[in-house]
Each structure stands twice: as C-alpha cells, then as structure tokens.
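Here the structure is laid out as structure tokens; the discussion comes afterwards.
In the numbering used here, the protein residues as written are 41 to 169.
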C-alpha cells in the first residue's frame, strides 16, 4: 500500500506542477486560454490572480514530493505528515472546485482523484503497519 500511496502522490504532484505551468506561465497564451476557456481580455484581466494561484499549486506539489521522498527514505512520521498536508489540500481544493463549479467536474476529478488515492493508500499502509 505504501508504494501505491507514493505513486499516487507523485502523480498528483505532477498534475499540480502542470496546473502551475498553465496558471502561472501560460495563462495568457492560446493554450492556457483554451484550457480554462477564457478570452484574451479575461486572461489579461485575471493574470495576476492566476499567477499567484499557480504558485499555490506548485507549493502543494513540492510539499507532497518532499513527503514522498521522506517516506521512501524511511522517515515515516515526517513524510506522512507532508503527504497528508499536501495531497489532502489538493484533494480538498478539487472538492471545492467540484462543488462550486459542477460544470467543471472533469478537471475537478483530475485534480482530486490521485491525491484521494494517495491519502487513502497512505492511511491504509499506516494502519496496517
């Protein structure tokens, strides 16, 4: 179960690094605008907000990756705390998106399923140890 948790947490982190790139680096580009369905004017008007939001996603990914590394190195308590904090926040952010914007269910599920699996597998691994 621990390996499953590490893999799912890694996948969740990669997704959030991609979200960071889309929000902070590519927001006003045609690619970024097509992903989020914004016009050039909307993207320009919300660029600062998206830039900052992207960094939140990056920080969650970094927290989770550090936790994965610590768990892989045998530092169970610190690693688990960081994975629970990072992946748990990713999961909750995905739930907020799903609840507040039901029309965006697909991106919400992409954002929340891998961290949900990571948190569940990590909890199961810790409880069976």
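Just so it is clear, CB atoms sit at the ideal spot from N, CA and C, and this is done for glycine as well.
Nearest to residue 83 by CA position, among 47, 135, 65 and 146, is which residue?
65
Just curious, the alpha helix (DSSP H) that residue 135 is in, first and last residue?
116-140
Taking C-beta to C-beta, are residue 104 and residue 126 nearer than 8 Å?
In terms of Cβ geometry, residue 104 and residue 126 form a close pair [threshold 8 Å].
Less than 7 Å between C-beta atoms, sequence neighbours within five positions excluded: which residues of the same chain meet that for residue 41?
161, 164, 165 and 168
To the nearest whole angstrom, what separates the beta carbons of residue 155 and residue 52, a pair I think is in contact under 8 Å?
4 Å
To which residues of the same chain is residue 68 closer than 8 Å at the C-beta, ignoring the five residues directly before and after it?
80, 83, 84 and 87
What residue range is occupied by the uninterrupted alpha helix (DSSP H) comprising residue 88?
87-112
Is the beta carbon of residue 111 sitting closer than 8 Å to the one on residue 46?
yes
Please report the Cβ distance between residue 108 and residue 49, rounded to the nearest whole angstrom; I am assuming they are in contact, meaning their Cβ atoms lie under 8 Å.
5 Å
Helix, strand or coil: which one does DSSP assign to residue 74?
In this structure, residue 74 counts as helix in the three-state DSSP scheme.
Starting from residue 53, trace the alpha helix (DSSP H) both ways and give me its first and last residue.
Segment 42-60, the alpha helix (DSSP H) holding residue 53.
So, are the CB atoms of residue 97 and residue 59 less than 8 Å apart?
yes
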